[in-house]
Amino acid sequence: MKKLYTATMTASGGRTGHVKSPDGKYEFSLSMPKELRGEGGDGVNPELLFAAGYSACFHSAMKVVAAKNKVDIENSSVTASVDIGMISGGGFGLAATLKVSLPGMDKVAAEELVASAHQICPYSNATRNNIEVTLVIE
Numbered sequence: 174m175k176k177l178y179t180a181t182m183t184a185s186g187g188r189t190g191h192v193k194s195p196d197g198k199y200e201f202s203l204s205m206p207k208e209l210r211g212e213g214g215d216g217v218n219p220e221l222l223f224a225a226g227y228s229a230c231f232h233s234a235m236k237v238v239a240a241k242n243k244v245d246i247e248n249s250s251v252t253a254s255v256d257i258g259m260i261s262g263g264g265f266g267l268a269a270t271l272k273v274s275l276p277g278m279d280k281v282a283a284e285e286l287v288a289s290a291h292q293i294c295p296y297s298n299a300t301r302n303n304i305e306v307t308l309v310i311e
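Residues 174 to 311 (our numbering) make up the sequence shown, in order.
And the structure:
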C-alpha cells in the first residue's frame, strides 16, 4: 500500500476514558453503553466512532463511483449501524449494516453503484472477510 494519509488518536481509560488527536482538534470522552453493562452517559463509544467513519467513507466511495459513471447522487446518504456481541470461542466481535438511500435511482443501478462502492471503500476492504457487513438499499 502506498500511504497517502495517517490519522492518529490516543486513547486512555478504555471504554470509559478519553480519546484525543495529537493536534488537539478532536477530543472525545468515552462512555460505556448500558447494553454493555456500563453507566451510559454523554460520551461516545468505539462503535459510534466506527459507524461514523464507515458511513462517511462509504458515501465518499459512492461519490467516486457515481462521478465515474456520470450519475447524480446529490440527495443520497449512508447510515451505518455497528453491532458488538459475543462470538463463538469467547471474546467479542463486530457486525455492520450499511443502509443506503439513493432517492429516485433505479433499483438495478443503485445495486450496481453500491456493489462498486463496496469494492473500493477502505472500510469495506478492511472489514471484508473479517466481519459481517450487510448492505441495504432503501
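Note that the Cβ used here is the ideal one computed from N, Cα and C, for glycine as well. Remember, it's a predicted structure, so these values are computed and weren't measured experimentally.
{"Item": "Helix, strand or coil at Leu275 according to DSSP, with G and I counted as helix", "Value": "coil"}
{"Item": "Contact under 7 angstroms by Cβ, Leu286 with Val238", "Value": "yes"}
{"Item": "Residues near Gly211 by beta carbon distance below 6 angstroms, same chain, minus five either side", "Value": "Met205"}
{"Item": "Exposure label - Val281; buried when at least 16 CB within 10 Å", "Value": "exposed"}
{"Item": "Test item: CB-CB of Cys294 and Ala234 under 7 angstroms", "Value": "yes"}
{"Item": "contact_flag[the stretch 257-268, the stretch 189-201] where n(CB pairs < 8 angstroms) is 3 or more", "Value": "no"}
{"Item": "Neighbour-count burial assignment, Val273, 16 or more Cβ in a 10 Å radius", "Value": "buried"}
{"Item": "Whole-Å CB distance - Ala253 paired with Ala269, under 8 angstroms assumed", "Value": "6 angstroms"}
{"Item": "As assigned by DSSP and simplified to three states, the class of Ala184", "Value": "strand"}
{"Item": "Lys207 beta carbon less than 7 angstroms from that of Gly214", "Value": "no"}
{"Item": "Backbone secondary structure at Ser250 - three-state DSSP", "Value": "strand"}
{"Item": "For Ala269: DSSP bridge partner residues", "Value": "Val255 and Val306"}
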